[in-house]
Every structure is written in structure tokens, then in C-alpha cells.
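J.: Position one of the sequence shown corresponds to residue 1 (UniProt numbering), numbered consecutively onward.
The beta carbon of each residue, even a glycine, is placed where N, CA and C say it ideally should be.
Small disclaimer: the values here were computed from a predicted structure and weren't measured.
Just dropping this structure here.
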Amino acid sequence: MTEAVSENSEVTVLLVDDNPQNLKVLYETLKDKGYRLLIANEGEKALDLAHRHQPEVILLDIMMPEMDGYEVCERLKADPQTADCAVVFLSALDDLQAKVKGFSLGGADYISKPFQSQEVIARVKTHASVIRLERELQARNRELQSDQARILNSISEGIYGLDENGIIEFANPAAASIVGCPVEELIGRNFFETHFATAGDNPDSLPVKATCQQGVAESQRDIRMLRADGTGFPAEYRSTPKLDSDELHGAVVVFRDISAELDNEKALEEARQLVQEQRDQLAHTSRLTTMGEMAAGVAHEVNQPLTAITNYARVAKRMMAKDNADMGLLQETLDKIEAQSHRASEIIRRIRRFMKKPATGKEVLSVPALLEDTRQFAEVDMRNNKGAIELSVPEDMPDVLADPVQVQQVALNLIRNALEATSSIDSSAPVEVSASVKGDTCVRIQVRDHGIGLSEDAEEKLFLPFFTTKDEGMGIGLSTCRSLIQAQGGDIGFERPEDGGACFYFTLPVAGAQGSPCAPETDSSHA
């Protein structure tokens with residue numbers, strides 16, 4: 001007999017028996033059950049059909065000439081194509097040894113002859129369902145393994161699977177590329193001996209050791225690992241324990257070469273330092289520009305105490321030339337000379353502090369003292385612009401953390417601009433300098449003038465480098481102010497008061513404040 005195929009087949013069943021009558025009975029029993037039926041009357045043909053069609057179930061007679069059912073089963077299980085088939089033995093033999101032998105060869109079940117139709121139908125259905133489910137599961141596992149392999153192969157980080165002793169059981173292509181060794185040569189190597197020069201000196205302190213042996217997850221950055229050729233590279237790694245039902249079986253290690261990353265970080269830090277140097281240089285240039293603009297007034301300011309000293313010295317000399325010198329009056333004159341010298345010295349001190357370069361760095365500063373010092377330094381501008389400065393600072397104002405030289409430069413720049421703006425419309429109103437607490441972590445310092453006000457496009461231009469409204473200005477004042485205040489962790493901007501003029505402000509973090517205490521103010525224009 002040859003193979004017969006039923007329509008609408010889903011599961012393939014191979015019927016093997018040398019007795020045509022038995023085959024006919026099996027065929028008639030299963031033909032209407034939706035199976036695809038194959039028929040063979042001897043062992044070699046059964047093996048050929050099974051190899052070509054991979055049936056889910058094989059009903060196999062034991063007692064056949066030339067090749068009995070035991071040998072057929074053994075060869076089926078030896079062939080990867082047919083190893084998962086469910087072999088159900090058919091035989092009139094009913095002794096225990098026959099059944100044991102059948103099961104030992106890989107048989108799944110045993111039906112005694114003469115068999116009952118309902119028994120055959122039930123057992124075929126059961127084994128067919130099991131095999132189909134197993135094959136679907138295997139197919140899904142293969143898909144998952146394939147997907148996993150694609151994912152692991154596409155990852156740029158190296159991945160190792162280690163056993164509890166650190167032996168490499170798995171390595172992805174990225175690991176082989178980083179280490180400079182084929183995957184097949186990495187498998188079986190000791191991870192610690194391969195990648196760490198100190199593996200033999202202090203093995204218990206090696207990276208990943210605690211993960212492999214104690215199940216402790218680890219992560220480190222910038223550790224030195226070795227390649228296959230013995231050269232080293234800086235690496236970052238993460239290791240997690242490999243668990244199976246809470247039983248530790250080693251570790252999974254993900255690592256990468258961070259040589260380029262460290263080089264980029266170094267280059268970025270060098271760029272930051274260069275930017276800071278350029279910022280300091282620009283700030284110093286701005287201070288020099290300010291001093292150039294104030295030179296005549298400063299000279300006048302210093303000349304006053306020097307002139308007084310000269311006059312008092314002449315008076316003292318005339319008094320000493322007299323026979324009966326008034327020692328009390330002479331002492332008073334000498335005290336005035338000393339007072340004027342201190343005044344001149346204080347002016348020079350303020351100039352030297354303002355011109356200091358490089359910046360002194362951030363310090364804890366008293367806001368009232370800082371603003372009073374700045375107001376005194378602006379006395380020259382007050383006289384030149386026939387203006388005044390009104391300072392208002394609450395007594396409980398907290399200290400701020402900032403660079404005193406740079407903050408004073410910003411405050412002086414804003415005050416000088418305000419004095420000039422007020423003078424430009426011949427206003428006698430004073431420039432109002434005030435400080436207030438913004439939230440609990442930020443201090444806002446503002447300079448208010450009663451001048452001509454700001455143009456409509458001020459938001460777009462005021463803080464741009466080299467933009468100026470002054471005929472002889474360089475346009476680096478407000479741009480530099482923005483850079484200096486942002487370097488302190490603050491914000492700078494301006495507002496248009498309803499009654500005219502302009503109000504410029506900047507913020508500084510309260511000493512000890514954490515995070516970003518001085519966020520930009522969204523309800524006003526800022527740099």
C-alpha cells in the first residue's frame with residue numbers, strides 16, 4: 001500500500017504495519033478525523049516517509065520482518081528531523097519487558113492488539129496535541145533566540161555571560177571587537193584573568209567578583225581592562241547576577257570602551273576653561289573701559305585729598321617757623337593731613353580692587369556692604385551727571401555667594417547707565433538701588449532710573465555683544481554683565497516701570513542654597 005492523504009489535514013499521522021488488514025482498520029478509524037494520513041508497510045519506507053514529512057504521531061507495529069518496530073523507533077529518535085515525533089507502539093505483546101524496552105528507545109505510548117477504535121482515536125489526539133504544542137513552542141523559542149541574537153549582535157556594548165567562577169559562557173560580537181579576540185576564543189576563558197592584570201594578586205577585590213559569587217550587582221566607570229593582546233583601555237561596566245529560581249549561576253556583564261568619551265570630556269573641560277579665561281579677559285577689558293571713561297573723574301577724586309594735604313603741609317610749616325608754635329593747632333593740622341591721606345588711600349584701594357584680575361573667586365558676601373562700596377565708587381559719576389543714588393536694603397538681607405569683583409562690576413555698570421539715563425533728560429530724581437529676597441534662596445538687586453526709558457526692540461538688542469546706544473561706547477557693558485551674572489548662577493534682565501524710566505535687575509544665589517535657586521523670571525525681559 002502507498003500513502004494516502006485526507007483532505008483538510010492539520011496533523012500528520014504515519015501508520016506503520018506489515019499487515020494490510022491492520023493498516024486498513026487504522027486508516028478507517030482515523031480517516032474522518034481531519035488528520036493527514038501516511039501509510040507504510042515496512043521499516044525502510046516508514047523511515048523515508050517520516051524523514052520527508054515529520055509526522056506528529058507514528059503508530060508503529062513492533063513485530064515486522066527485516067526491521068522491527070524497535071529498530072525503526074531507535075533510528076527515528078537518532079534523526080534530528082524525526083526525533084520529536086510521538087511513537088506509539090502497536091503489538092499483541094503484552095509483557096512488561098516489551099513495554100519497558102519500547103519506552104527506553106523513546107516510545108511515547110503503547111497500544112495492545114487487537115486495539116479499540118476509541119482508544120486509538122483518543123491516544124492519537126492526545127499525542128498529536130502535545131507534539132503540535134511542543135513544536136509551536138520550539139518554533140517560538142527559535143524566533144526568540146533569533147531575535148535575541150540579532151539584538152545582542154546589534155548592541156555596541158560588550159556583553160558577557162559568566163558562570164559563578166568567572167568563566168565566559170557567552171560573548172557578543174561587540175565584546176569580541178572591543179577585546180580584539182574572536183567570540184569562539186573568548187568562550188571558556190576566565191574573565192578575571194583575561195581582563196585584569198591584578199587577578200592573581202588580590203582576587204577577592206576584582207570587579208564583578210562579588211556579582212558572580214554573592215549575587216551583588218555592580219557598576220563602575222573608568223576602570224582599566226585588558227584586551228587580548230595585553231594592552232589596556234578605560235572601561236565602564238555594569239554586572240547583574242544570573243539567577244535561576246533564586247539560585248545564583250554567575251553574572252551578566254555589560255561593558256564598553258570609554259577612551260573616546262574620556263578624551264571628549266577632557267576636551268570639553270579644556271574648552272570650559274578657555275571660555276572662563278575668555279570671560280575673565282572680557283570682564284577685565286570691560287573694567288579697563290569703565291576706568292578709561294571714568295579716568296578724568298577719578299583723577300579729580302584723587303586730586304582733592306592730595307591738594308588738601310599740600311595746603312595743610314604748608315600751614316604746618318608756617319606754624320613751625322614761628323618762635324612760639326601753637327602745638328595744639330599744629331597737631332590738629334597734622335591730623336587733617338593724615339585724614340586726607342587715608343581718603344586718598346581709600347580711593348586708590350577701591351580702584352585697585354575694581355581692576356583686580358583674575359577674579360578672586362566666589363565668596364560669601366554681605367549685600368549691604370557690597371552695594372555701599374559700589375555707591376561710593378560711583379560718586380565720580382554722581383558729580384559728573386549731577387545725580388544722586390538712593391540705596392535701600394532690608395536689615396535682614398541674607399548673604400549671597402558670588403565673586404565680589406565681578407558683581408561690583410555689574411552693579412557699577414548698571415548704576416552708571418542709570419545716572420547717565422537720568423541726566424539725559426535733566427531729571428533730578430535719584431537712581432534707586434534696592435535689594436530684596438526672591439523666594440528663600442535668591443536675592444534680587446535692582447537699579448531703577450527715571451530717564452528716557454527703553455526702546456521697543458530692547459529685548460532683541462540690549463544684551464547682544466557690541467550693541468550700544470552711546471556714541472563712544474564699545475557695547476560690551478551689558479553683554480559682559482550677562483556673562484558675569486550667569487557665571488554666578490544668577491539671572492539678569494530689565495523691566496519697564498509704568499511711570500517711566502527703566503529698571504534693570506540681577507539675581508544672586510543665597511549662600512548655602514542648593515540646586516538652581518535663581519531661575520529666570522518669566523514675567524519680565526531677561527538675557
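1. What span of residues does the beta strand (DSSP E) with PHE192 cover, start to end?
2. Who are the Cβ neighbours of ALA418 in its own chain at under 6 Å, not counting the five residues just before and after it?
3. Alpha carbon to alpha carbon, how far is ASP399 from GLN406? Give it in angstroms, no decimals.
4. With H, G and I counted as helix, E and B as strand and the rest as coil, what does DSSP make of PRO509?
5. Mark GLU56 as exposed unless 16 or more other C-beta atoms lie within 10 angstroms of its C-beta, in which case mark it buried.
6. Mind checking which residues open and close the alpha helix (DSSP H) that includes HIS53?
7. Which of helix, strand or coil does DSSP assign to PRO404?
8. Here's the rule I'm using: 16 or more other beta-carbon atoms within 10 Å means buried, otherwise exposed. How should SER239 be labelled?
9. Considering only DSSP beta bridges, list what GLN220 is partnered with.
10. Assuming GLN488 is part of the alpha helix (DSSP H), what are its boundary residues?
11. For LEU478, tell me which candidate among GLN514, CYS85, ALA511 and ALA411 has the shortest Cα-Cα distance.
12. Can you give me the start and stop residues for the alpha helix (DSSP H) that PHE103 sits inside?
13. Rounded to the nearest angstrom, what separates ALA98 and LEU37 at their Cα positions?
14. Go through its chain and collect everything with a Cβ distance to LEU23's Cβ below 8 Å, but skip five positions before and after it.
15. Is LEU186 near ALA197, with beta carbons less than 8 Å apart?
16. Short check: CB of MET63 to CB of SER104, under 8 Å?
17. Exposed or buried, what is ALA502 when buried is set at 16 or more other beta-carbons lying within 10 Å of its beta-carbon?
18. At which residue ranges does the stretch 397-452 contain complete beta strand (DSSP E) runs of 3 or more residues, listed in the order of the chain?
19. Determine whether the beta carbon atoms of VAL393 and SER434 lie at a separation below 8 Å.
20. Leaving out the 5 sequence neighbours to the left and right, which residues in its chain are closer than 8 Å to PRO497 when beta-carbon positions are compared?
21. Within 10 Å of its beta-carbon, does ILE492 have 16 or more other beta-carbons around it, so buried, or fewer, so exposed?
22. Quick one: what does DSSP say ASP326 is sitting in, helix, strand or coil?
23. Cα-Cα, which of ILE415, ALA421, ILE425 and MET319 is closest to TYR505?
24. Around the C-beta of LYS317, are 16 or more other C-beta atoms found within 10 angstroms, so that it is buried, or is it exposed?
T.: Inspection of the coordinates gives the following:
1. For this step, residue 192 is matched to residue 192 along the sequence shown. Run containing PHE192: none in the beta strand (DSSP E); it sits in the alpha helix (DSSP H), 191-195.
2. Translated into positions along the sequence shown, residue 418 becomes position 418. Excluding sequence neighbours, ALA418 sits near VAL431, VAL447 and ASP449.
3. Locating residue 406 in the sequence shown gives position 406, where the first residue counts as 1. Locating residue 399 in the sequence shown gives position 399, where the first residue counts as 1. Between GLN406 and ASP399, the C-alpha separation is close to 16 Å.
4. Here residue 509 is taken as the residue at index 509 of the sequence shown, counted from 1. Correct three-state label for PRO509: strand.
5. Looking up residue 56 in the sequence shown gives position 56. Classification for GLU56: buried.
6. Taking the sequence shown and counting its residues from 1, the one referred to as residue 53 is at position 53. Per DSSP, HIS53 belongs to the alpha helix (DSSP H) from 43-53.
7. Locating residue 404 in the sequence shown gives position 404, where the first residue counts as 1. Correct three-state label for PRO404: helix.
8. Stepping through the sequence shown from its first residue, residue 239 is reached at position 239. Buried is the call here.
9. Within the sequence shown, the letter at position 220 stands for residue 220. Under DSSP, GLN220 shares a beta bridge with TYR237.
10. Here residue 488 is taken as the residue at index 488 of the sequence shown, counted from 1. Looking at the DSSP string, GLN488 is not in any alpha helix (DSSP H), and its letter there is neither H nor E.
11. For the purposes of this step, residue 478 is identified with residue 478 of the sequence shown, where counting begins at 1. With distances taken between Cα atoms, LEU478 lies closest to ALA411.
12. Taking the first residue of the sequence shown as position 1, residue 103 is located at position 103. Residue range 96-104 is occupied by the alpha helix (DSSP H) that includes PHE103.
13. Here residue 98 corresponds to residue number 98 of the sequence shown, with the count starting at 1. Here residue 37 corresponds to residue number 37 of the sequence shown, with the count starting at 1. ALA98 and LEU37: Cα-Cα distance of roughly 27 Å.
14. For the purposes of this step, residue 23 is taken as residue 23 along the sequence shown, with counting starting at 1. So the qualifying residues of the chain are MET1, LEU15, ASP17, ILE39 and ASN41.
15. Position 186 of the sequence shown, counting from 1, holds the residue named residue 186. Position 197 of the sequence shown, counting from 1, holds the residue named residue 197. When the beta-carbon positions are compared, LEU186 and ALA197 stay at least 8 Å from each other.
16. Indexing the sequence shown from 1 puts residue 63 at position 63. Indexing the sequence shown from 1 puts residue 104 at position 104. Not closer than 8 Å, so no.
17. By 1-based counting over the sequence shown, the position of residue 502 is 502. ALA502 comes out buried.
18. 400-402, 431-438 and 442-449
19. Taking the sequence shown and counting its residues from 1, one reaches residue 393 at position 393. Taking the sequence shown and counting its residues from 1, one reaches residue 434 at position 434. A distance below 8 Å separates the beta carbons of VAL393 and SER434.
20. Taking the first residue of the sequence shown as position 1, residue 497 is located at position 497. The residues are ARG448 and CYS503.
21. Taking the sequence shown and counting its residues from 1, the one referred to as residue 492 is at position 492. ILE492 is buried by the Cβ-count criterion.
22. Within the sequence shown, the letter at position 326 stands for residue 326. Note: ASP326 maps to coil in three-state DSSP.
23. Stepping through the sequence shown from its first residue, residue 505 is reached at position 505. The shortest Cα separation from TYR505 among ILE415, ALA421, ILE425 and MET319 belongs to ILE415.
24. Taking the sequence shown and counting its residues from 1, one reaches residue 317 at position 317. The residue in question, LYS317, is exposed, as its Cβ has fewer than 16 Cβ neighbours within 10 Å.
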